[in-house]
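Visitor: Before I ask anything, here is the structure I am working with.
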């Protein structure tokens, strides 16, 4: 269920393992109807995403659609720029359009012989998840499917998950942020070049809200405003073009000059919500959940898709490990994966605060610089958390634990006398001794 | 929606305020089909419940169905009894059968001219909650209702709430305990008298599980076993009569002797789940939630029904305060009530640990005795938390805060030298000084 990123990728994995796979998608085929505009924050592919794609031989093809982003470019209110690398030399995340990536994955799946059925939604299953009652949105007919496995890769608002909610002892939570988002755009120059540094993720952090921009292949940037949904200073409070222009003039004067369609974008694009979904169990009889359907997270670590693709690689490994015995594969999948997807949900919430508020903070900047320096000098002994999440396959749970440990130590280090003057001297070795995890 | 305890009581409140009210219930009329057996933990009415009933003139009638329980009777493994009063002299909670209470409320509502429609369930509403699409379970026909207000008093698994889940920014969680329950029974003696002390709530606390018993008017007790759902030592692990008898002989030997139908009860009654539901907002356009539909809690403070009846009294007061202006009543209702229902949900979880584990603990018993003594000497200055919840109308939120404060102070007091020997001497005044809240 679901022809999104995870559903399309997983279908290829399963087909390559020898299974008959069919994909049912409740929406129309985006290749015919066009990608839904204004709700598609650009994605940032990092190592877990690449691994997922590499597992079905698609890494090289997708690399061609991606633009490397080596660091965060912070836009201070006075127009000054402040660049923070994401990792070591040669480590970067990759901007890619969700729509383009999805289309590539569907095309690749169809080449493998997988059938896609659009405008088909799941209405219900029995309580053991053994059949799916489907509805065809074109003629409103219903019919039953009885596959060996029903897989819910149908996103944050998963219909398969709604049917699971009616079973006993299904733990579930959906929690919305007070913030929503608006997608906006920044076109290329007349000769198709970028108006801002191409190889960076741009952030205008303004404490309780922020604007971000990610590069596209055509020289444009996709911008997203994250702001309170309601209240005195909010998306809701921007009622007309005058309000909008004043808000941007006050908080994003440099960006505003580069956004000629701001008024049109803001008032014609929908306002998006930010939701975290946690649930358990993911497996119910012959049906199970994967990707956002099992664990929707907010986008501030750029890990939603990466995490979903990692679900696919891990499931694929478990199929080998348990020799296609799904009675063993599924319990192992949900047990090992749940603690890690809970951890990335928490990390994404922490990173939202970091992005909109802390990146502009002097103490925070020193902490980041100290961590980067120690990682540079002792690459085998110290990995900053951002790198653990984005440039390694270490379990998210370990990254969350390391986040807490590193942050405690860094806060202690910040209290040391004259630290801002002397961290970048010989003293860095003393600091490193504190920061490197003891075994 | 819902002819349960809260739906039936609220219908009377609204009718008395001059509204046309009709009640739709998805189940059959329990007065005709019989009360569903084996899933009806007896209720303990305390002050908030009485206030709710008194508001429509039903307190006296229900008092006749209730048996006062003045304290907890703890059954130690060796058969010894240990009695702990709930409050001061004259303060008690009241055992009543859920089915009987519900029938009285429905009869009273019908006397007021309110129509009840059974076997009718809500299927959906539009996203603004302005109409209800209903289904008649007898002939499977559907029809639309368009009342001025749709009220979801349809319990923990509220169907109206499921329709709200599809609206944007609806925060929701349902979390199950690892424990489930089995209802069991202990008959009266041959001459219709009680086999245990009548005016107490009996508890057999065994750390991770417990048995409780509440008295009925006919001389019997309704017993409930709360135990892990699955695992080595669990309800699930009791597979046959032999397992059951060994389990009861080992842990509840005194109770077992008084339960001749134990085997039949255990294997024929369903296993009940324990769920906490939190959500917000409760109001969506013309529809709103009340009682368990808005805030289902686990039963260990005996407050589920009391809290739902308090919802009704508070809503009734807000109707007066805002002169029937529902655009003001509903926001005030959900805002003021949410923090308090969250608090009683947390208190109920804390009390579960207290009931099954701590009541048998020596330190805990001293703490309870100290609190009771201080309350006795300084009745105007100190109220134990249990009394705040059960014998006052103080907001639950205040009781939760007071729980944390009192528990911290009592834990400090316990560390004092020779405290177990000297708390019940003149020294109690020194203790009281610590325990009484400073303003």
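Chains as they are written, first to last, in the working numbering: chain F, 23 to 461; chain B, 23 to 461.
All residues carry an ideal CB built from backbone N, CA and C; glycine is no exception.
1) So what does residue 208 of chain F bridge to, in DSSP terms?
2) Taking 8 Å as the cut-off, decide whether the C-beta atoms of residue 323 of chain F and residue 370 of chain F are in contact.
3) So the alpha helix (DSSP H) residue 346 of chain B belongs to, where does it begin and stop?
4) How would you label residue 164 of chain B, buried or exposed, when you count the other beta carbons within 10 angstroms and need 16 or more for buried?
5) Pull up the distance between the alpha-carbon of residue 359 of chain B and that of residue 331 of chain B, whole angstroms please.
6) Would you check if there are 3 or more beta carbon pairs closer than 8 Å linking the region 288 to 306 of chain F to the region 228 to 242 of chain F?
7) In chain order, which continuous runs of the beta strand (DSSP E) of length 3 or greater are located wholly inside the region 307 to 344 of chain B?
8) Please identify the residue among B:308, B:333, B:54 whose C-alpha is closest to the C-alpha of residue 347 of chain B.
9) Taking a contact to mean a Cβ-Cβ separation below 8 Å, would you say residue 341 of chain B touches residue 39 of chain B in this structure?
10) Examine chain F for any beta-carbon lying closer than 8 Å to the beta-carbon of residue 356 of chain B, and answer yes or no.
11) Applying a beta-carbon distance threshold of less than 9 Å, which residues of chain B neighbour residue 194 of chain F?
12) Should residue 211 of chain B be labelled buried (16 or more other beta-carbon atoms within 10 Å of its own) or exposed?
13) So, does the region 149 to 159 of chain B touch the region 274 to 282 of chain B, judging by three or more C-beta pairs under 8 Å?
14) Near residue 214 of chain B, which residues of its chain fall below 8 Å by C-beta distance, leaving aside the five closest residues on each side in sequence?
15) With distances taken Cα to Cα, identify the nearest neighbour of residue 110 of chain F among F:176, F:117, F:317, F:91.
16) Rounded to the nearest angstrom, what separates residue 310 of chain F and residue 134 of chain B at their Cα positions?
17) Cβ of residue 242 of chain F less than 8 Å from any chain B Cβ?
18) So, helix, strand or coil for residue 226 of chain B, using DSSP?
19) Which chain B residues are close to residue 180 of chain F, counting only those with a beta carbon under 7 Å from its beta carbon?
20) Using the C-alpha atoms, what's the distance from residue 35 of chain B back to residue 42 of chain B?
21) Give the residues from the region 292 to 315 of chain B that approach chain C closer than 7 Å (Cβ to any Cβ), ordered along the chain.
22) Determine the chain B residues that contact residue 148 of chain F at a beta-carbon separation under 8 Å, and present them in chain order.
23) In the DSSP assignment, find the unbroken beta strand (DSSP E) run with residue 92 of chain B in it and report its ends.
24) In this structure, how does DSSP classify residue 111 of chain B when only helix, strand and coil are distinguished?
25) Using 8 Å as the threshold, is the C-beta distance between residue 26 of chain B and residue 121 of chain B below it?
26) Report back the beta-carbon spacing between residue 31 of chain F and residue 78 of chain F to the nearest angstrom; my notes put them in contact at under 8 Å.
27) Identify, in the order they occur along the chain, each residue of the same chain with its Cβ nearer than 8 Å to the Cβ of residue 354 of chain F, setting aside the five sequence neighbours on each side.
28) For residue 190 of chain F, return the contacting residues in chain B, with the cut-off set at a CB-CB distance below 7 Å.
29) Rounded to a whole number of angstroms, what is the C-alpha to C-alpha distance between residue 383 of chain B and residue 232 of chain B?
30) CA-CA distance, residue 126 of chain F and residue 203 of chain F?
31) Ordered along the chain, which non-local residues of its own chain (more than five positions away) have a Cβ less than 6 Å from that of residue 224 of chain B?
32) Within 8 Å, do at least three Cβ pairs link the region 182 to 196 of chain F to the region 187 to 200 of chain B?
33) What are the boundary residues of the alpha helix (DSSP H) that residue 463 of chain F is part of?
34) Using the three-state DSSP reduction, which class does residue 80 of chain B fall into: helix, strand or coil?
35) Please check the pair residue 392 of chain B and residue 435 of chain B, which I expect to be a contact at CB under 8 Å, by giving their CB distance rounded to whole angstroms.
Guide: On the basis of the data shown:
1) Counting from 1 along the first chain, the entry for residue 208 of chain F is found at position 186. DSSP, once it has assigned bridges, lists F:243 as partnering residue 208 of chain F.
2) The count along the first chain starts at 1 and reaches residue 323 of chain F at position 301. The count along the first chain starts at 1 and reaches residue 370 of chain F at position 348. Yes, Cβ-Cβ distance for residue 323 of chain F and residue 370 of chain F is below 8 Å.
3) Residue numbering aside, residue 346 of chain B sits at position 324 when the second chain is read from its first letter. Where residue 346 of chain B is concerned, there is no enclosing alpha helix (DSSP H), given that its DSSP letter is neither H nor E.
4) As a position in the second chain, residue 164 of chain B is number 142, starting the count at 1. Residue 164 of chain B comes out exposed.
5) As a working note, residue 359 of chain B is residue 337 in the second chain. As a working note, residue 331 of chain B is residue 309 in the second chain. Rounded to the nearest angstrom, the two C-alpha atoms are 12 Å apart.
6) no
7) 309 to 311
8) Counting from one through the second chain, the residue named residue 347 of chain B turns up at place 325. Looking at the Cα atoms, B:308 is the closest of the given residues.
9) Here residue 341 of chain B refers to the residue found at position 319 when the second chain is read from its first residue. Here residue 39 of chain B refers to the residue found at position 17 when the second chain is read from its first residue. For residue 341 of chain B and residue 39 of chain B, yes; Cβs fall inside 8 Å.
10) Translated into the one-based positions of the second chain, residue 356 of chain B becomes position 334. False, the Cβ-Cβ gap to chain F never drops below 8 Å.
11) Within the first chain, the letter at position 172 stands for residue 194 of chain F. Per Cβ cutoff of 9 Å: 194, 195, 196, 197.
12) Numbered from its first residue, the second chain carries residue 211 of chain B at position 189. The residue is exposed, with fewer than 16 neighbouring Cβ atoms inside 10 Å.
13) no
14) As a first step, residue 214 of chain B is located in the second chain; it is residue number 192 there, counting from the start. Cβ neighbours of residue 214 of chain B beyond the five flanking positions: 240, 241.
15) Translated into positions along the first chain, residue 110 of chain F becomes position 88. Answer by Cα proximity: F:91.
16) Here residue 310 of chain F corresponds to residue number 288 of the first chain, with the count starting at 1. Here residue 134 of chain B corresponds to residue number 112 of the second chain, with the count starting at 1. Near 50 Å, if we compare the C-alpha coordinates of residue 134 of chain B and residue 310 of chain F.
17) In the first chain, counting from the first residue as 1, residue 242 of chain F sits at position 220. It does not: the Cβ of residue 242 of chain F has no partner Cβ on chain B nearer than 8 Å.
18) For the purposes of this step, residue 226 of chain B is taken as residue 204 along the second chain, with counting starting at 1. Strand at residue 226 of chain B.
19) As a working note, residue 180 of chain F is residue 158 in the first chain. Simply none; closest approach about 12 Å.
20) If you number the second chain from 1, residue 42 of chain B lands on position 20. If you number the second chain from 1, residue 35 of chain B lands on position 13. Their backbone Cα atoms lie some 11 Å apart in a straight line.
21) You won't find chain C in this structure, because its protein chains are F and B.
22) In the first chain, counting from the first residue as 1, residue 148 of chain F sits at position 126. In chain order: nothing, as chain B lies at least about 18 Å away.
23) Position 70 of the second chain, counted from the first residue, corresponds to residue 92 of chain B. First-last for residue 92 of chain B: undefined, no H or E at that position.
24) Position 89 of the second chain, counted from the first residue, corresponds to residue 111 of chain B. Three-state DSSP puts residue 111 of chain B in coil, outside helix and strand.
25) Working through the second chain from its first residue, we reach residue 26 of chain B at position 4. Working through the second chain from its first residue, we reach residue 121 of chain B at position 99. No, Cβ-Cβ distance for residue 26 of chain B and residue 121 of chain B is not below 8 Å.
26) Within the first chain, the letter at position 9 stands for residue 31 of chain F. Within the first chain, the letter at position 56 stands for residue 78 of chain F. That belief holds up - the Cβ atoms of residue 31 of chain F and residue 78 of chain F are roughly 7 Å apart, short of 8 Å.
27) Position 332 of the first chain, counted from the first residue, corresponds to residue 354 of chain F. Closer than 8 Å at Cβ, skipping near neighbours: 340, 343, 344.
28) Numbered from its first residue, the first chain carries residue 190 of chain F at position 168. The answer, in chain order, is 295.
29) Counted from its first residue, the second chain places residue 383 of chain B at position 361. Counted from its first residue, the second chain places residue 232 of chain B at position 210. If I take the Cα positions, the gap works out to 14 Å.
30) What you label residue 126 of chain F is simply residue 104 of the first chain in a count that begins at 1. What you label residue 203 of chain F is simply residue 181 of the first chain in a count that begins at 1. Distance between the alpha carbons of residue 126 of chain F and residue 203 of chain F is about 26 Å.
31) In the second chain, residue 224 of chain B corresponds to position 202, counting from 1. These residues qualify, in order along the chain: 95, 218, 235.
32) yes
33) Any answer about residue 463 of chain F is impossible in this case: the structure gives chain F only from 23 up to 461.
34) Indexing the second chain from 1 puts residue 80 of chain B at position 58. Three-state DSSP puts residue 80 of chain B in coil, outside helix and strand.
35) As a working mapping, residue 392 of chain B is identified with position 370 in the second chain. As a working mapping, residue 435 of chain B is identified with position 413 in the second chain. Confirmed, Cβ separation roughly 7 Å.
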